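In the numbering used here, the protein residues as written are 86 to 583.
Backbone N, C-alpha and C define an ideal beta-carbon position, used for all residues, glycine too.
Fair warning: this is a prediction, and the values are worked out from it, not measured in the lab.
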Amino acid sequence: MTRPPELELTRERAIQGASALVLAALLAKVANLVSMLVMARLLLRPEIGGFAVALGLVVILAKFSNFAARRDILRDPQLATAKTKAYVLVQGGLSTLIGLAMIFGADLAVRSSAAWIPGTHQDRHMVSILLTSLAGLPLLESITLPAVAWVESRLRFKLTAIAEVLSLFTQAGVAIISAAQGNGPWALVHGIYAGFTVRLLIVWSAALGPVWKAPLDRNALRSVYHFGSTMLATMLVSTAARNLPEVLVGTGAGLAAAGAFKYAYLLPHAAEQIIEQLGRANLAVLGHQDRTQRQGRVFGMTTRFSFLVLMPGIFLGVPHAEFITAAVLGPGWESAAQPLPVLILLVVVRAGFIHWHDVATVHGRADLLLKTSIVSLGALLVFGISLTQSFGALGMAWAALIAWCLPLPFVLRWTVRKTDTRITDLVGPAVLAGALALLLGEFAVASLPKVTVLTRLLVILGQGLTYSIAISRLDRELVALLWGTLRKNKPQVEIGSA
Numbered sequence: 086m087t088r089p090p091e092l093e094l095t096r097e098r099a100i101q102g103a104s105a106l107v108l109a110a111l112l113a114k115v116a117n118l119v120s121m122l123v124m125a126r127l128l129l130r131p132e133i134g135g136f137a138v139a140l141g142l143v144v145i146l147a148k149f150s151n152f153a154a155r156r157d158i159l160r161d162p163q164l165a166t167a168k169t170k171a172y173v174l175v176q177g178g179l180s181t182l183i184g185l186a187m188i189f190g191a192d193l194a195v196r197s198s199a200a201w202i203p204g205t206h207q208d209r210h211m212v213s214i215l216l217t218s219l220a221g222l223p224l225l226e227s228i229t230l231p232a233v234a235w236v237e238s239r240l241r242f243k244l245t246a247i248a249e250v251l252s253l254f255t256q257a258g259v260a261i262i263s264a265a266q267g268n269g270p271w272a273l274v275h276g277i278y279a280g281f282t283v284r285l286l287i288v289w290s291a292a293l294g295p296v297w298k299a300p301l302d303r304n305a306l307r308s309v310y311h312f313g314s315t316m317l318a319t320m321l322v323s324t325a326a327r328n329l330p331e332v333l334v335g336t337g338a339g340l341a342a343a344g345a346f347k348y349a350y351l352l353p354h355a356a357e358q359i360i361e362q363l364g365r366a367n368l369a370v371l372g373h374q375d376r377t378q379r380q381g382r383v384f385g386m387t388t389r390f391s392f393l394v395l396m397p398g399i400f401l402g403v404p405h406a407e408f409i410t411a412a413v414l415g416p417g418w419e420s421a422a423q424p425l426p427v428l429i430l431l432v433v434v435r436a437g438f439i440h441w442h443d444v445a446t447v448h449g450r451a452d453l454l455l456k457t458s459i460v461s462l463g464a465l466l467v468f469g470i471s472l473t474q475s476f477g478a479l480g481m482a483w484a485a486l487i488a489w490c491l492p493l494p495f496v497l498r499w500t501v502r503k504t505d506t507r508i509t510d511l512v513g514p515a516v517l518a519g520a521l522a523l524l525l526g527e528f529a530v531a532s533l534p535k536v537t538v539l540t541r542l543l544v545i546l547g548q549g550l551t552y553s554i555a556i557s558r559l560d561r562e563l564v565a566l567l568w569g570t571l572r573k574n575k576p577q578v579e580i581g582s583a
């Protein structure tokens, strides 16, 4: 079957799409980071921790209506419109039931919360009310994500980028204004609803007409049942593995520790979200590649770029964790410095999983995603509960890292076989360049008799220069591609070339 002319992939459109999403992620994360830093000064740590616990539970509950529509829609662009309609109907119905259950279960949550939330009765009541107030998020999310996937299947990455930037800026602005008016943790609720609504309106302005007119397709419904149901289970397990750490820290070490863990994860999570944006364009491109060699080319480029972006977090976060925490979060957040280096390593590991998920999706192996997620969740529960009780937020960070590393050997072997690539080619240049910069930072901090702000900034500058020079020598191909994209010229390297 020939592809529609408007969906023919070119090198320029693929690169522009990835660039638009990465730039949008950068802008959105800046807005989110600024908002959270302002909130750190407007709200108390137990209030932030209470919101983190409530939102983590809502995210887990919302996944009961999330069939990972984006993956199914993008892997088969020919049925994108029909699948979008099917997923909206199925997910919308389930999320409505989930929201109603959250609302009417508020009294039960208040009575039983003493068993899983430490602190005063007021703290437990706050978490329960926050949980109820966020009951509408599953519905908003479940009807927005299929529309986002439909827009990306048309390769309109700039529209989704605009939607997400405006959504995050709206969320940040509303939350800050509401917090300044003295609304406490409910300011975060106001912000998140405003941001979700803006994103919904923008993407559906493009998708409403075609999706509304599309008939219900039997093949689309069958795909929801087979691929979507497996991905539903996968999303439940993987989301629990990603969001349970904050909940376990809050229940095992207190809401203040949960707030410290959440803020320690701010910068690493921002980097992870940027890599996920790159993965969105990557999956859309992979869905149009027919040969293993071409898929390996796309996978290799995106993976190398991801590690190029993430390595600075390691060589800066490990020797300068306390300095970064104090500079970014301000006084009173020293406890967030301990888990920061471990969480940075966790994000690097997860970046590899993000791109592997794309390859497995194109090959229709949703079952592999489910199996690896089950392994990670089981390990998180085993190690997380014990380590959190002994070491607090730091123990949970190590537990999460161990949990995500366990299935890594299998993932690496499977990916190398399916994409005809070598691990050393994917991560070798960035790891070597990052190791040089890390050694420089550790040596400088350890050898200087007194580390002032000025000397530390000079060390960071030296690390950055070392990394830049090393990566330009070790991975000339990727640097040429990025430089050509920034200059808006045709790069000499073609993604997806044979």
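Residue i (DSSP reduced to helix, strand or coil)
| i | result |
| --- | --- |
| W418 | coil |
| P223 | helix |
| P404 | coil |
| R558 | helix |
| P300 | coil |
| F152 | coil |
| N268 | coil |
| R507 | coil |
| D157 | helix |
| T162 | Correcting the residue type first, residue 162 is Pro in the shown sequence and not Thr. The answer is helix: DSSP assigns P162 an H, G or I state. |
| P295 | helix |
| R239 | coil |
| L491 | coil |
| Y350 | coil |
First through last residue of the alpha helix (DSSP H) which encompasses residue i
| i | result |
| --- | --- |
| T537 | No alpha helix (DSSP H) holds T537; DSSP gives it neither H nor E. |
| A167 | A165 to F189 |
| F476 | A451 to F476 |
| A318 | S314 to A338 |
| H440 | L425 to V447 |
| L128 | Neither: L128 is in no alpha helix (DSSP H) and is coded neither H nor E. |
Cα-Cα separation between residue i and residue j, rounded to whole angstroms
| i | j | result |
| --- | --- | --- |
| S471 | M320 | 25 Å |
| R126 | G135 | 16 Å |
| T229 | Y552 | 40 Å |
| V460 | L491 | 7 Å |
| A299 | S238 | 16 Å |
| V74 | S227 | What the structure shows of the chain is the stretch from 86 to 583, and residue 74 is not part of that stretch, so it cannot be assessed. |
| R561 | R389 | 12 Å |
| L539 | A531 | 16 Å |
| L232 | A412 | According to the sequence shown, residue 232 is Ala rather than Leu. Their backbone Cα atoms lie some 39 Å apart in a straight line. |
| W418 | T410 | 7 Å |
| V222 | A279 | According to the sequence shown, residue 222 is Leu rather than Val. Rounded to the nearest angstrom, the two C-alpha atoms are 11 Å apart. |
| L465 | V236 | 35 Å |
| L128 | A264 | 8 Å |
| G339 | L333 | 9 Å |
| L563 | K503 | 22 Å |
| V123 | L164 | 44 Å |
| A154 | V322 | 16 Å |
| I247 | L533 | 46 Å |
| A220 | V516 | 43 Å |
| R42 | V138 | One cannot answer for residue 42 here, as it falls past the ends of the chain, which runs 86 to 583. |
| I262 | A272 | 8 Å |
| G385 | A345 | 36 Å |
| G549 | A518 | 10 Å |
| A482 | P424 | 6 Å |
| V501 | I508 | 7 Å |
| L594 | L112 | Residue 594 is absent from the structure shown; the chain starts at 86 and stops at 583. |
| N151 | Q176 | 6 Å |
| S475 | L486 | 17 Å |
| G469 | A478 | 10 Å |
| E361 | I133 | 25 Å |
CB contact check: residue i to chain D, cutoff 8 Å
| i | result |
| --- | --- |
| K298 | No chain D is part of this structure, which consists of one protein chain only. |
Within the chosen definition, does the segment 398-405 reach the segment 105-125 through at least 3 CB pairs nearer than 8 Å? no
Just checking, does the segment 443-452 make contact with the segment 308-323 on the three C-beta pairs under 8 Å criterion? yes
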